[in-house]
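Q: Protein chains in written order, with this note's numbering: chain C, 211 to 676; chain X, 16 to 276; chain L, 241 to 533.
Just so it is clear, CB atoms sit at the ideal spot from N, CA and C, and this is done for glycine as well.
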Amino acid sequence: MNVKKLLFALSVLFLTIGLVACSDSKSSEGKETNEETNEETNEETNEETNEEGNEEEGTTLHVAALESAYGADMWEKIADSYETTNENVKIELTIKKNLEEVIRPNMQAGEYPDVVLLATGRPEALTETLMKENGLENITDIFDQKVSGEDSTVNEKILDGFTDTLATNPYADGETYLAPMFYSPTGLFYNAGLFEEKGWDVPKTWDEMWELGDKASEEGIALFTYPTTGYFDTFIGSMLYALGGPDFFNSAMTYEDGIWESDKSTEVFETIEKLASYTEKNTVANANPNDFTKNQQLVLDNKALFMPNGNWVVDEMKEAPRADNFEWGMTSIPAFEDGGDRYAFTFFEQIWVPSAAENKVDAKDFITYMYSDEASSIFLEAGAVQPIEGITDQLDGQKQIFYGIYDDEDVLPAMGTFASTEPVAGVNMGDTLYGTIGSVISGKITIEEWRASVEEASDKLREAMN
Amino acid sequence: MSLYRWGGFSNTKEFVGFDNFITLWNDVDFIQSFQNSILLIVVVAIFTLLIAVFFAAVLTKETIPGGNFFRVIFYVPNILSIVVIAGVFSAIYDPSSGLLNSIFGTLSLENFQQMWLGDQDIIIYSVAGALVWQAIGYYMVMYMSSMASIPPSFYEAASLEGASKWKQFTNITLPLIWNTIRTTLTFYIISTINLSFLLVKAMTGGGPDGSTEVFLSYMYDQAYGNSTYGYGMAIGVVVFIFSFALAAIVNHITKRDVLEY
Amino acid sequence: MSKSNGPRTEVLFKLFIYVALITLAIFIIVPVGWVFLASIKENAEFYGSPWAMPVGFHFENFIEAFNEAQMGEYLLNSIVVTVFALLILLVVALPAAYVLSRFKFRGNGFINSFVKAGLFINVSYIAVPIFLMLLDWNTVMNTIFGEGLLLNNRLVLAFIYAATALPFTIFLLSSYFETLPSDFEEAASIDGAGYYRTMFSVMLPMAIPSIVIVILFNFLLFWNEYILALTLMPGENQTLPVGLLNLMAAERSAVNYGPMYAGMVIVMLPTLILYIFVQKRLTQGMTVGGLKG
Numbered sequence: 211m212n213v214k215k216l217l218f219a220l221s222v223l224f225l226t227i228g229l230v231a232c233s234d235s236k237s238s239e240g241k242e243t244n245e246e247t248n249e250e251t252n253e254e255t256n257e258e259t260n261e262e263g264n265e266e267e268g269t270t271l272h273v274a275a276l277e278s279a280y281g282a283d284m285w286e287k288i289a290d291s292y293e294t295t296n297e298n299v300k301i302e303l304t305i306k307k308n309l310e311e312v313i314r315p316n317m318q319a320g321e322y323p324d325v326v327l328l329a330t331g332r333p334e335a336l337t338e339t340l341m342k343e344n345g346l347e348n349i350t351d352i353f354d355q356k357v358s359g360e361d362s363t364v365n366e367k368i369l370d371g372f373t374d375t376l377a378t379n380p381y382a383d384g385e386t387y388l389a390p391m392f393y394s395p396t397g398l399f400y401n402a403g404l405f406e407e408k409g410w411d412v413p414k415t416w417d418e419m420w421e422l423g424d425k426a427s428e429e430g431i432a433l434f435t436y437p438t439t440g441y442f443d444t445f446i447g448s449m450l451y452a453l454g455g456p457d458f459f460n461s462a463m464t465y466e467d468g469i470w471e472s473d474k475s476t477e478v479f480e481t482i483e484k485l486a487s488y489t490e491k492n493t494v495a496n497a498n499p500n501d502f503t504k505n506q507q508l509v510l511d512n513k514a515l516f517m518p519n520g521n522w523v524v525d526e527m528k529e530a531p532r533a534d535n536f537e538w539g540m541t542s543i544p545a546f547e548d549g550g551d552r553y554a555f556t557f558f559e560q561i562w563v564p565s566a567a568e569n570k571v572d573a574k575d576f577i578t579y580m581y582s583d584e585a586s587s588i589f590l591e592a593g594a595v596q597p598i599e600g601i602t603d604q605l606d607g608q609k610q611i612f613y614g615i616y617d618d619e620d621v622l623p624a625m626g627t628f629a630s631t632e633p634v635a636g637v638n639m640g641d642t643l644y645g646t647i648g649s650v651i652s653g654k655i656t657i658e659e660w661r662a663s664v665e666e667a668s669d670k671l672r673e674a675m676n
Numbered sequence: 016m017s018l019y020r021w022g023g024f025s026n027t028k029e030f031v032g033f034d035n036f037i038t039l040w041n042d043v044d045f046i047q048s049f050q051n052s053i054l055l056i057v058v059v060a061i062f063t064l065l066i067a068v069f070f071a072a073v074l075t076k077e078t079i080p081g082g083n084f085f086r087v088i089f090y091v092p093n094i095l096s097i098v099v100i101a102g103v104f105s106a107i108y109d110p111s112s113g114l115l116n117s118i119f120g121t122l123s124l125e126n127f128q129q130m131w132l133g134d135q136d137i138i139i140y141s142v143a144g145a146l147v148w149q150a151i152g153y154y155m156v157m158y159m160s161s162m163a164s165i166p167p168s169f170y171e172a173a174s175l176e177g178a179s180k181w182k183q184f185t186n187i188t189l190p191l192i193w194n195t196i197r198t199t200l201t202f203y204i205i206s207t208i209n210l211s212f213l214l215v216k217a218m219t220g221g222g223p224d225g226s227t228e229v230f231l232s233y234m235y236d237q238a239y240g241n242s243t244y245g246y247g248m249a250i251g252v253v254v255f256i257f258s259f260a261l262a263a264i265v266n267h268i269t270k271r272d273v274l275e276y
Numbered sequence: 241m242s243k244s245n246g247p248r249t250e251v252l253f254k255l256f257i258y259v260a261l262i263t264l265a266i267f268i269i270v271p272v273g274w275v276f277l278a279s280i281k282e283n284a285e286f287y288g289s290p291w292a293m294p295v296g297f298h299f300e301n302f303i304e305a306f307n308e309a310q311m312g313e314y315l316l317n318s319i320v321v322t323v324f325a326l327l328i329l330l331v332v333a334l335p336a337a338y339v340l341s342r343f344k345f346r347g348n349g350f351i352n353s354f355v356k357a358g359l360f361i362n363v364s365y366i367a368v369p370i371f372l373m374l375l376d377w378n379t380v381m382n383t384i385f386g387e388g389l390l391l392n393n394r395l396v397l398a399f400i401y402a403a404t405a406l407p408f409t410i411f412l413l414s415s416y417f418e419t420l421p422s423d424f425e426e427a428a429s430i431d432g433a434g435y436y437r438t439m440f441s442v443m444l445p446m447a448i449p450s451i452v453i454v455i456l457f458n459f460l461l462f463w464n465e466y467i468l469a470l471t472l473m474p475g476e477n478q479t480l481p482v483g484l485l486n487l488m489a490a491e492r493s494a495v496n497y498g499p500m501y502a503g504m505v506i507v508m509l510p511t512l513i514l515y516i517f518v519q520k521r522l523t524q525g526m527t528v529g530g531l532k533g
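(1) Taking 8 Å as the CB-CB cut-off, is Tyr92(X) touching chain L?
(2) Give me the subset of the region 267-300 of chain C whose CB atoms are less than 9 Å from a CB atom of chain L, sorted by chain position.
(3) Could I get the ranges of all uninterrupted alpha helix (DSSP H) runs contained in the region 570-594 of chain C, with 4 residues as the minimum, in chain order?
(4) Buried or exposed: Met248(X), going by 16 or more other Cβ atoms within 10 Å of its Cβ?
(5) Check whether the Cβ of Asn116(X) sits closer than 7 Å to any heavy atom of the ligand PLP, and report yes or no.
(6) Going along the chain, which unbroken runs of the beta strand (DSSP E) with 3 or more residues stay wholly within the region 508-573 of chain C?
(7) Which of the three DSSP states is assigned to Leu376(C) in this structure?
(8) So, is the C-beta of Thr419(L) closer than 8 Å to a C-beta in chain C?
(9) Of the choices Glu406(C), Glu338(C) and Gly455(C), whose alpha-carbon is the least far from that of Lys474(C)?
(10) With distance defined between alpha-carbon atoms, name the residue in Leu346(C), Glu547(C), Tyr393(C) and Lys484(C) nearest to Ala567(C).
(11) Starting from the C-beta of Ser244(L), find all residues in its chain whose C-beta is less than 6 Å away, skip the five residues before and the five after it, and write them out in chain order.
(12) Counting only Cβ pairs nearer than 9 Å, list the residues of chain D close to Met130(X).
(13) Suppose contacts are defined by Cβ-Cβ distances below 8 Å. Is Ala624(C) in contact with Phe459(C) by that definition?
(14) Between the region 436-453 of chain L and chain X, which residues of the former have a C-beta closer than 8 Å to a C-beta of the latter?
(15) Name the chain C residues that come within less than 7 Å of Ala284(L), Cβ to Cβ?
(16) Does DSSP classify Lys306(C) as helix, strand or coil?
(17) What does Gly152(X) touch in chain C if you count any residue whose Cβ is under 9 Å from its own?
(18) Is Phe45(X) close to chain C, meaning its C-beta is less than 8 Å from at least one C-beta of that chain?
(19) Using a Cβ cut-off of 7 Å, which residues of the region 343-361 of chain L contact any Cβ in chain X, in chain order?
(20) Could you work out which residues of chain X lie near Tyr287(L), taking near to mean beta carbons separated by less than 7 Å?
(21) Given a cut-off of 8 Å on the beta-carbon distance, is the pair Gly133(X) and Ala662(C) in contact?
(22) Since Ala279(C) is in the beta strand (DSSP E), which residue starts that stretch and which ends it?
(23) Output yes or no for whether 8 Å exceeds the beta carbon distance between Tyr581(C) and Val412(C).
(24) With distance defined between alpha-carbon atoms, name the residue in Thr464(C), Trp410(C), Pro395(C) and Thr541(C) nearest to Tyr175(C).
(25) Which first and last residues belong to the beta strand (DSSP E) in which Gly397(C) is found?
(26) Listed from N- to C-terminal order along the chain, which residues in the region 362-385 of chain C have their beta-carbon within a distance smaller than 8 Å of any beta-carbon of chain X?
(27) Contact between the region 305-321 of chain C and the region 350-365 of chain L: three or more CB pairs below 8 Å?
(28) For the alpha helix (DSSP H) containing Phe385(L), name the first residue and the last one.
(29) List, in order along the chain, the chain L residues whose C-beta lies closer than 7 Å to that of Glu311(C)?
(30) Please confirm whether Leu531(L) has its beta-carbon closer than 8 Å to some beta-carbon of chain X.
(31) If you follow the beta strand (DSSP E) that Pro223(X) is in, where does it begin and where does it stop?
(32) Beta carbons nearer than 7 Å to chain L: which residues of the region 153-171 of chain X have them?
(33) Kindly give me the distance between the Cβ atoms of Tyr280(C) and Ala530(C), rounded to whole angstroms, as I take these residues to be in contact under 8 Å.
(34) Straight-line CA distance for Glu426(L) to Asp34(X)?
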């Protein structure tokens, strides 16, 4: 009995101590913590809070954005300049590298940010989840609104084609739920210096590609490598575009019956199978989140010629050692026949408003502000490029080469992703279509099996289309 | 949660009864992750147990110059974070410049050179290797403390009777630390399930093509990546029941009378 | 023959032990050395062969890690949380484990299996529910006291840490208590000591090795924990592992490998030092108790 009593007494004691101590620590630290502004929260906002308290009229706009390669500073500048022009709005920023882990619990508790910048295609798939749950606000109307503080409408500023893809209109019904933000052209990256040195031409068709592959392998250079299988999303997307244009791509992305068993799709599977035999031998072993830079290094070391990637790779590998005369080059995915259309996929991050947000009106206004000259120049300074008319002219040197890839006469932009469906347990198109490539390259499964499983996944998802 | 179809946020929770569990039963990817996990648990538990008991016995019972040094060194892997372990083992397993393949290369044992992280038949053992490596110290410390509580007089008596070291080990040490070993068997199950998830997430990403997918990484993929939170929770329930049952079974078949000193 | 055989097997046995010890030591020293070397490499060196020696001492990594991860600021938080969590844990777990292993009372079996079931609960399952619970309580407290105290509070975090570690600790300790001879307690009770005295003066000293283990393992656990810290401390008062996340890779940018490894080395040092200090204690248990036969 004694022990039990003791136990009870002790726990009561501790709870009391704990609570007393926490009120103590709170009151003494309250000030300190407010002053010790979290790096991520805008300093000015917090000072204002201190001085004026929360009584002040006006709205607080919660903006959550993923801290990517462009850094967190640019968001603070954006918040500052938006607050200067909109005095009654305060911006509270949450800029984190692991944004999902931070905002997910709050969202489940019902506290939603008003504006979120978070792309699709992340491992935690927060954006996709909201799409599938119809948790996004329809923002079609903002594109006809005037850009905050300017006279032109959003539509006039955004580049054509960026707002009618499945990545912005996930339900394929013409309504826009996500606005396009920073974009990056993707394609095949190579060492332009090496091609010059050897006098090789950059292949425009797959036939030329295989020819080059044979030539290169005589010199001990593999034709192809890839960072991880996830990078095949834009690669296969471009191939689908090249085979049948946007219509064909969209029917594949909306899980049309039998699409993956059609002759055209078969060409995709066969090309990748052939590509597998030209792939650098260590690639599969390093195609994981820890070692993928080793695969990218192969191109820098002239051990492999091409890899699918986006222009961020330049920054990602900026400190890596490289072969003499190395110079980044980027080309589109080859065409299937001579003179055929070639496509280079554009990847972009999205900004959106959760339908459970409190200040939707202000949130939408904030999004229009994203396309103002002021905002875009702040972003551009940090290296983030938005799809805005005339923005490529402001880029310098290497960046202009990448963003100017579509200036090439027969290279067309490709965009979009799989249509959103109701979640289907155990079926993940990305894993089935891209993840399996590891097994195809190591010869574990045949392309027939691969194709069958893709079609099966597609069948299941079609039933779940909204 | 596991009885609902739910993406994680909205109010569109829909009660689906045991549908999630039925889907699970037919999900080949889940079965693969199940097999991987069991394989890891068995392999990691057996190897760690043998190695840890051996070294614990050596370090407590033998007087070895530098014993403290070894004790410290052996524990170090356990305090490394999983990200560091992933980094270390990627340097060891690297196909061209990795430690393993280089050693085999210099010993002219080219046949042993492998794509440690590329070959789908081997990779799961590569992961197991890393897990054993980091777990040895932890369990060794546990066994050491248990062995230390065995009164030295037992051994004195035994050696007077002329019992060999091996005899002393099997007749005194093992029975007396048996309870600790049983306890740790439960820990092996739990920690392998948890750590393999962290390690796989950092080191292999579950690839190539799901060949290193384990329980929790598959659950994570489904609950978040695939927006099927309810299904993910169903996996969680199955994993919980499975590991609990496994621990109970292991506990039952290893049951001996607890010996007091 | 048999006479000369004895020493020879003895020698062979010793040799075998040494070979085994040294092999394992090498297997550990080489990779761990690699980590230390990695922490003084410059970023560019990480793209070459991983086994190349560092070009020079790039000590800036440590400074950068310290600043980037705001270690100065977070160090105190980590210490406070870890120490309090350990204290709470020991105060609750020691008596509980003792009672569960020694006394037979109604519901004993149930509580035992309840504790055991708790072992299988992973922190990552329950982080969000705990957060929601605290948030609710906070709202209640807000209406009563005018301010919510439960989030961003180091002591609450310590309390929850202790709670999550309870099953493990009780399980470990009670399985240890079970093996302790009951002679001592009998002797103590003959001498007229109550349960309370028996526990503190007789059982605890004998349980030192396992208590050391509990402290050591849970220190490691609390020190490195970040899922709960991240969820329950959304504002200030972050702990070291959360700070470390700042050093991790940002999406699609160059990884700052050097500072990342440097940061990990800094964070792991306290655990290592603690271990070096307590490891002798681990094997000292019975010398205190002293029971013959």
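A: Concretely, from the data shown:
(1) To locate residue 92(X), count along the second sequence from 1; it is residue 77. Looking at the sequence provided, one finds Pro at residue 92(X) rather than Tyr. Chain L, which has a Cβ nearer than 8 Å to the Cβ of Pro92(X), makes this yes.
(2) Leu276, Glu277, Ser278, Ala279, Tyr280 and Gly281
(3) 570-579 and 583-591
(4) Numbered from 1 along the second sequence, position 233 holds the residue referred to as residue 248(X). The residue in question, Met248(X), is buried, as its Cβ has 16 or more Cβ neighbours within 10 Å.
(5) Questions concerning the ligand PLP fall outside what the structure shown contains, since it holds no ligand whatsoever.
(6) 514-520, 538-541 and 552-562
(7) As a working mapping, residue 376(C) is identified with position 166 in the first sequence. In the structure shown, Leu376(C) sits in coil (DSSP, three-state: anything other than H, G, I, E or B).
(8) Mapped onto the third sequence, residue 419(L) falls at position 179. No, no contact with chain C.
(9) Mapped onto the first sequence, residue 474(C) falls at position 264. When each option's Cα is compared against that of Lys474(C), the closest is Gly455(C).
(10) Within the first sequence, residue 567(C) is the residue found at index 357, counting from 1. Considering only alpha carbons, the answer is Leu346(C).
(11) Here residue 244(L) corresponds to residue number 4 of the third sequence, with the count starting at 1. In this prediction, Ser244(L) has a pLDDT of 48, which is less than 50 and means its spatial position is unreliable; what the coordinates show is noted afterwards. So no residue of the chain qualifies.
(12) Among the protein chains of the structure shown, namely C, X and L, there is no chain D.
(13) As a first step, residue 624(C) must be located in the first sequence, where it is residue number 414. As a first step, residue 459(C) must be located in the first sequence, where it is residue number 249. Going by C-beta atoms, Ala624(C) is nearer than 8 Å to Phe459(C).
(14) Met446, Pro449, Ser450, Val452 and Ile453
(15) On the third sequence, position 44 is the one that residue 284(L) refers to. The contacting residues are Glu529, Ala530 and Pro531.
(16) As a position in the first sequence, residue 306(C) is number 96, starting the count at 1. Here Lys306(C) sits in strand by DSSP.
(17) Along the second sequence, one-based indexing puts residue 152(X) at 137. Those do not exist, as Gly152(X) stays about 23 Å from chain C at its closest Cβ, beyond 9 Å.
(18) Reading the second sequence from its first residue, position 30 is the one you call residue 45(X). Yes, because at least one Cβ of chain C sits closer than 8 Å to the Cβ of Phe45(X).
(19) Ala357, Leu359 and Phe360
(20) Locating residue 287(L) in the third sequence gives position 47, where the first residue counts as 1. Here the premise fails: no neighbours, minimum Cβ distance about 11 Å.
(21) Mapped onto the second sequence, residue 133(X) falls at position 118. Mapped onto the first sequence, residue 662(C) falls at position 452. For Gly133(X) and Ala662(C), no; Cβs fall outside 8 Å.
(22) On the first sequence, position 69 is the one that residue 279(C) refers to. Counting along the chain, Ala279(C) falls outside any beta strand (DSSP E), and DSSP gives it neither H nor E.
(23) As a working note, residue 581(C) is residue 371 in the first sequence. As a working note, residue 412(C) is residue 202 in the first sequence. For Tyr581(C) and Val412(C), no; Cβs fall outside 8 Å.
(24) No statement about residue 175(C) is possible, as the shown extent of chain C runs from 211 to 676 and does not include it.
(25) Position 187 of the first sequence, counted from the start, is the residue given in the question as residue 397(C). From DSSP, the beta strand (DSSP E) with Gly397(C) extends over Leu388 to Asn401.
(26) none
(27) no
(28) Against the third sequence, residue 385(L) aligns to sequence position 145. From DSSP, the alpha helix (DSSP H) with Phe385(L) extends over Val363 to Phe385.
(29) Reading the first sequence from its first residue, position 101 is the one you call residue 311(C). Close partners of Glu311(C) in chain L (Cβ separation under 7 Å): Leu470.
(30) Your numbering for residue 531(L) matches position 291 in the third sequence. Only weak support is given to the placement of Leu531(L): the predicted model assigns it a pLDDT of 42, under 50, and the question is left unresolved by the model.
(31) Here the question's residue 223(X) lines up with position 208 in the second sequence. Counted as a single uninterrupted DSSP element, the stretch harbouring Pro223(X) is not any beta strand (DSSP E), since DSSP gives it neither H nor E.
(32) Val156, Met157, Met159, Ser160, Ala163, Ser164, Pro166 and Ser168
(33) One-based indexing of the first sequence puts residue 280(C) at position 70. One-based indexing of the first sequence puts residue 530(C) at position 320. That pair is no contact at about 20 Å.
(34) In the third sequence, counting from the first residue as 1, residue 426(L) sits at position 186. In the second sequence, counting from the first residue as 1, residue 34(X) sits at position 19. Cα to Cα, the separation comes out at about 57 Å.
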